[in-house]
Amino acid sequence: MWKESDNKLKATFKFKNFTQAFSFMTEVAFAAEKMQHHPDWHNVYNTVDFALSTHDAGDVVTDKDRELAKAIDEIFARYE
0 MWKESDNKLK ATFKFKNFTQ AFSFMTEVAF AAEKMQHHPD WHNVYNTVDF ALSTHDAGDV
60 VTDKDRELAK AIDEIFARYE
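Position 74 of the sequence shown, counting from 1, maps to 73 under numbering that gives the first Met the number 0, and the rest follow consecutively.
Laid out in structure tokens, this is it:
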């Protein structure tokens with residue numbers, strides 16, 4: 000699901016409704032805070048878009064991004 004382009008890991012997640020999307024974002028927020036690696040994301044209604052990169056490394060994709068992407072996938076799996 001994740002694609003690397005423009006020095007970012009990108010993915011889009013769709014949900015049944017806004018409440019599910021927001022719940023997912025809340026879980027991701029806690030995981031990201033625990034990892035001290037915060038996503039660039041965008042939400043409209045039932046869709047959440049991510050573009051992950053590591054700002055401290057010059058806005059390129061690093062292992063931190065891959066680890067956060069894996070955590071995001073694991074959270075999303077609970078919504079499918």
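Glycine residues also receive a C-beta, built at the ideal position from the N, C-alpha and C atoms.
Those residues which DSSP pairs with residue i across a bridge
i: Ala10; result: Phe49
i: Lys2; result: Lys9
i: Asp39; result: Ala50
Residue i versus the options, residue with shortest Cα-Cα distance
i: Thr53; options: Lys63, Val27, Met0, Glu79; result: Lys63
i: Ala20; options: Asp58, Asp55, Thr46; result: Thr46
Residue i (DSSP reduced to helix, strand or coil)
i: Asp58; result: coil
i: Lys63; result: helix
i: Lys33; result: helix
i: Lys15; result: coil
CB-CB length for residue i against residue j, believed under 8 Å
i: Ile71; j: Phe49; result: 7 Å
Can you confirm whether the segment 6-21 touches the segment 64-79 when touching is taken to mean that 3 or more C-beta pairs between the two stretches lie within less than 8 Å? yes
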